Amino acid sequence: MPHTALAGLPRLVRVADEVRLRGLGLVTLAAAVAAYWLLAWLLDEPVDATVTWLNFGGVVLPVAVVAALVSRRRVREGLATARRPPRMSVHETRADARERHTRLAGMLILGVVVLLVFDRATDGGGRMAGLVAGLFLALGVVDMLERRRWDRAEHVRGSRLYVLVRPRALMSPFGVTEVYEIVRSDDRDRPEVDVPYVF
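Throughout the sequence shown, residue numbering follows our numbering, covering 44 to 242 in sequence.
Given below as structure tokens:
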């Protein structure tokens with residue numbers, strides 16, 4: 044089948060890898076926002092440390108609790124209903140994964156820059172930095188902890204677990220989604236080959 048025909052099919056991505064990369068990216072963005080705020084504070088820019096910390100604490104705890112509950116449900120329901128991948132799907136290649144992750148990172152960075160510029164233009168005093176850092180840190184840490192549960196589940200079940208990413212999507216959904224399973228003895232995922240396998 045020509046590669047152009049494969050491009051329109053949903054892509055199979057290992058759940059553990061997707062969740063790990065998403066979590067690492069969010070934690071890195073939170074650290075970058077914190078570094079930006081710290082630099083502004085050290086340079087005596089108009090930022091209010093109290094306001095920033097209050098916004099950070101007001102976001103990080105509730106978001107972490109909600110994200111942890113959703114994460115537990117996502118893993119539990121995903122493992123309970125795991126099934127064979129659909130025939131009309133392909134394994135995501137390394138090149139496609141790099142392109143998707145680059146586009147996602149670009150959009151996230153652009154969004155964060157716009158929010159921080161808005162905070163600066165409206166004399167927010169660091170409110171937006173606290174909110175963004177708290178949100179991304181909570182979601183990122185929960186994702187990185189969830190990755191360990193997916194790895195453990197793969198080890199116990201002796202299989203590979205995947206999610207589908209739509210052709211134009213930048214990442215898998217944050218909510219509960221269908222999980223697909225391939226037993227290791229029947230695992231035809233070839234990470235060293237940059238050509239997708241069609242089921």
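A virtual CB, placed ideally from N, CA and C, is assigned to each residue, including glycine. Since the structure is predicted, the reported quantities are computational estimates derived from the model, not experimental observations.
Alpha carbon of residue 159 to alpha carbon of residue 150, nearest angstrom:
For this step, residue 159 is matched to residue 116 along the sequence shown. For this step, residue 150 is matched to residue 107 along the sequence shown. A direct Cα-Cα distance of roughly 14 Å separates residue 159 from residue 150.
Coil, strand or helix - residue 235 by DSSP:
The residue given as residue 235 occupies position 192 in the sequence shown. Its pLDDT being 37, under 50, residue 235 is placed unreliably in this model, and the value from its coordinates should be taken loosely. Looking at residue 235 - three-state DSSP - the assignment turns out to be coil, as it is neither helix nor strand.
Would DSSP call residue 215 helix, strand or coil?
Working through the sequence shown from its first residue, we reach residue 215 at position 172. Residue 215: coil per DSSP, three-state reduction.
Alpha carbon of residue 125 to alpha carbon of residue 61, nearest angstrom
Working through the sequence shown from its first residue, we reach residue 125 at position 82. Working through the sequence shown from its first residue, we reach residue 61 at position 18. Residue 125 and residue 61: Cα-Cα distance of roughly 17 Å.
Contact between the stretch 174-184 and the stretch 55-71 is defined here as three or more beta-carbon pairs at a separation below 8 Å; is this criterion met?
Yes: at least three Cβ pairs fall under 8 Å.
Going by Cα to Cα distance, which pick from 217, 225, 221 is closest to residue 114?
Taking the first residue of the sequence shown as position 1, residue 114 is located at position 71. Checking every option, the nearest Cα to that of residue 114 belongs to 217.
According to DSSP, simplified to helix, strand and coil, what is residue 221?
What you label residue 221 is simply residue 178 of the sequence shown in a count that begins at 1. Here residue 221 sits in coil by DSSP.
Residue 203 and residue 57 closer than 8 Å at C-beta:
Along the sequence shown, read from residue 1 onward, the residue named residue 203 stands at position 160. Along the sequence shown, read from residue 1 onward, the residue named residue 57 stands at position 14. In this structure, residue 57 lies closer than 8 Å to residue 203 by Cβ.
Bounding residues of the beta strand (DSSP E) (the contiguous stretch that carries residue 204):
Taking the sequence shown and counting its residues from 1, the one referred to as residue 204 is at position 161. If you look at residue 204, you'll find it in the beta strand (DSSP E) that goes 202-208.
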